[in-house]
Every structure is written in C-alpha cells, then in structure tokens.
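In the working numbering, the protein residues as written are 4 to 324. Note that beta-carbon positions come from the ideal geometry of N, C-alpha and C, so glycine has one too. See below for the structure under consideration.
What follows is the structure in structure tokens.
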C-alpha cells in the first residue's frame with residue numbers, strides 16, 4: 004500500500020487528483036470497510052466495536068477516495084494495537100457535519116507529534132509512524148483527500164501507550180433540485196506544469212524515505228539514482244555529476260557534512276567544472292543547524308517532515324536556470 008498511497012500523495016501535491024463526486028452514504032462506506040478489515044488475520048486478535056452508525060450521513064464526495072480514507076484509518080488502528088486491544092468506530096451528525104471517529108487503545112502518539120503526524124516523512128521514536136519503520140504516508144493522503152472534500156481531520160492522544168483517536172468531519176450533502184445537473188467530475192483537478200528533466204542523486208539510508216523521494220521525483224520526469232551511505236554517495240555524485248544531490252546528514256560511513264565538503268573540494272580542484280546543487284535533508288531545524296549545513300557547502304537546508312511544495316519549488320527554480 005505504501006507505493007500506491009505515495010503515488011496518490013504525489014498527485015495531490017501536484018493538483019492532479021480528480022474527485023468524481025456524487026451523494027454517497029458515509030455509513031455504507033464505513034460498514035463496507037469494517038467488513039474488509041474484519042477479514043484480515045490480525046483483526047481476529049483485536050476487538051472491533053461500533054458505538055454508533057448514523058446511516059443518514061450523506062456526503063457529496065468521491066466514493067473511491069472516501070473508501071481510501073476509511074480503510075487507511077482502520078488499518079492504522081488495527082496495526083498499531085496489540086492482541087486483545089479495542090478499536091472503536093463511531094459515525095454521527097453534528098452541526099451539518101458528518102463526524103467519523105476511529106479510536107484505538109494501542110501505542111498512542113507523543114504530544115509533540117500530534118501537529119506533525121499527517122506530514123510526509125515524519126519520524127518519531129515513539130509514535131505510530133516509527134513503530135514499524137513506516138512514514139505516515141497513509142495519513143498524509145487521508146488529510147489531503149479530506150481537505151479536497153472541504154473537511155477536516157484531527158488526531159488526539161494522551162501520549163504514548165494511551166491509544167489514539169482520529170476524527171474526520173465532512174460537510175453533509177446539500178439537497179439539490181433534480182433539474183440541476185452539475186458536472187462535478189473535474190472537481191479538485193487542475194493542469195500542472197511539468198518541470199524540465201533533472202539528474203538527481205538521493206543519498207539517504209532510510210529505505211522508505213529513499214523510495215518516497217525517488218518515486219516522487221521520477222514521476223515528475225527526472226532521472227534519479229540513489230545511494231544509502233556517505234562514501235558510496237560521494238562516489239555517485241563525483242562520477243555521475245547530477246544537477247542536484249539530496250543528501251541526508253546522518254549517513255553511515257561518512258556523514259552528510261563530509262559528503263558536501265568532499266564533493267565541493269574535488270570538483271573545485273578540476274577547475275571550471277559545474278558544481279551540483281546540494282540539498283541537505285535533516286531532522287534538525289535550529290538556526291545553528293542551518294549555519295553548519297551552509298558552511299559545509301550545501302545550497303539549501305530542508306527539515307523533515309519535507310514540505311513537498313517547497314521541494315518542487317526549489318527544483319523548478321533550478322531547472323529554470
């Protein structure tokens with residue numbers, strides 16, 4: 004599911020998602036996905052409770068995308084709960100909104116991560132994203148789809164070990180005269196401009212981050228090569244001569260600072276050879292960290308979770324000369 008969700012995140016980021024809207028019963032969608040999740044082997048060791056299921060929750064939305072939202076939330080709740088723990092689902096109406104909550108008694112979310120849990124590439128020692136090495140791509144997609152529908156999603160947890168709750172609110176469908184035939188198939192889609200192709204090296208030891216970045220960049224028409232440690236990464240940059248190198252700071256073998264220094268030193272010694280644009284990818288965002296990154300020879304300091312709009316904006320500026 005990671006790759007499929009990632010491709011959809013890329014489409015959302017580039018305004019390529021097409022919502023095929025119709026009036027649908029959110030209750031029917033939730034009920035169907037509950038049946039799907041109950042067939043999974045790991046679910047047999049969890050307790051699934053339905054507190055309420057308001058069948059009059061009609062929303063104006065894309066059924067396929069709403070199925071995607073619900074199954075992602077249910078899978079997360081089951082995956083990050085232990086044997087014998089409970090997943091509780093409730094669907095109700097409140098102030099012209101359909102309100103869906105999925106609550107579990109699993110690993111929970113650290114308080115300082117609640118605002119970041121929906122961002123791509125978020126990593127934390129204790130949160131569900133880190134529990135099995137995942138990156139929260141599904142949650143990033145869930146938020147994007149809900150916002151395209153004009154809704155909101157909120158995460159709540161009392162902390163690690165205390166479970167978590169995700170609550171979605173979507174506007175209830177407004178009845179329309181039968182004579183009003185609206186073409187809604189193109190809602191949420193705009194034509195994006197493809198960037199000129201670039202040669203991009205990714206030096207990153209986290210395989211999930213590497214896969215995500217590579218997929219996003221190749222989808223945009225770029226040629227991408229990857230390496231998972233600092234020594235091989237330095238060789239890749241010096242031998243292949245990419246336009247851009249995205250380099251993680253915490254690399255094995257040789258850290259990102261030394262990769263940048265070695266690349267700058269080696270290419271400078273060749274005289275009149277173009278230097279690649281070096282982009283540092285790091286979980287550290289203090290001003291002092293940015294100074295260290297720039298002093299090592301990087302052109303740009305990007306802090307995880309990566310802001311995809313910022314990344315593509317940088318690529319566009321570089322490709323435009």
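Between which two residues does the alpha helix (DSSP H) harbouring residue 36 extend?
-> 29-41
Confirm, please, whether the CB-CB distance from residue 279 to residue 299 is below 9 Å.
-> no
Under the rule that 16 or more other beta-carbon atoms within 10 Å means buried, what is residue 236, buried or exposed?
-> buried
Where do the ends of the alpha helix (DSSP H) carrying residue 299 lie?
-> 290-299
Nearest to residue 220 by CA position, among 231, 211, 202, is which residue?
-> 202
C-alpha gap between residue 69 and residue 91, whole angstroms = 19 Å
At what residues does the beta strand (DSSP E) containing residue 70 begin and finish?
-> Element bounds for residue 70: not the beta strand (DSSP E) but the alpha helix (DSSP H), 66-82.
Assign residue 117 to one of three DSSP states: helix, strand, or coil.
-> coil
Whether residue 282 touches residue 302 by CB criterion (9 Å) = yes
What are the start and end residues of the beta strand (DSSP E) that includes residue 155?
-> 155-159
Would you identify the three-state DSSP class for residue 56, choosing helix, strand or coil?
-> strand
Residue 307 (DSSP reduced to helix, strand or coil) = coil
Which partner residues does residue 252 have in the DSSP bridge list?
-> In the DSSP output, where bridge partners are listed per residue, residue 252 has none listed.
Which word fits residue 119, buried or exposed, when buried means at least 16 other C-beta atoms lie within 10 angstroms of its C-beta?
-> buried
Could you tell me which residues DSSP puts in a beta bridge with residue 172?
-> 102, 155
Cβ-based burial, residue 59 [other Cβ within 10 Å; buried from 16] = exposed
Element boundaries [beta strand (DSSP E), containing residue 200] = Residue 200 -> no beta strand (DSSP E), and no H or E assigned at all.
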